[in-house]
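Novice: Here it is, the structure in full.
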Amino acid sequence: MCRENSLTQINAAIENLSNAKQGRSLVEAQSQALSFIQASFDREEINQVEKQSLEKKVRRIYRSQIIEEST
């Protein structure tokens with residue numbers, strides 16, 4: 051149950067990151083997503099592989115949003 055809640059929270063934060071369009075909201079959304087991922091890992095609700103995969107997803111979305119913002 052806790053794992054499911056954590057993954058739901060992480061996925062919601064990633065969705066917020068996907069919808070963020072401006073500098074400050076983009077940074078806040080990225081920080082929130084990464085914080086949720088780290089907290090879930092610290093509570094041992096996700097393993098190292100899942101953590102790295104989720105962080106990579108966050109980095110990709112963030113980069114994509116930055117590029118979109120600058121064009």
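In the working numbering, each residue carries its 1-based index in the sequence shown increased by 50.
Glycine included, C-beta positions come from ideal geometry on N, C-alpha and C.
Source: prediction; values computed, not measured.
Could you tell me the alpha carbon to alpha carbon distance between A79 and I64, rounded to whole angstroms?
Specialist: Taking the CA atoms as reference points, A79 sits about 8 Å from I64.
Novice: Where does I60 land, buried or exposed, given buried means 16+ other C-beta within 10 angstroms?
Specialist: buried
Novice: Is there contact here, the stretch 108-118 with the stretch 77-94, by at least three beta-carbon pairs under 8 Å?
Specialist: Because the criterion of three Cβ pairs below 8 Å is met, the stretch 108-118 and the stretch 77-94 touch.
Novice: Quick one: Cα of E100 to Cα of L84, how far?
Specialist: If I take the Cα positions, the gap works out to 13 Å.
Novice: Would you call the CB atoms of E95 and L67 closer than 9 Å?
Specialist: no
Novice: Taking the straight line between their C-alpha atoms, what separation do you get for E118 and Q88?
Specialist: Using only the alpha carbons, I get a separation of about 27 Å.
Novice: Pull up the distance between the alpha-carbon of A70 and that of S103, whole angstroms please.
Specialist: Distance between the alpha carbons of A70 and S103 is about 21 Å.
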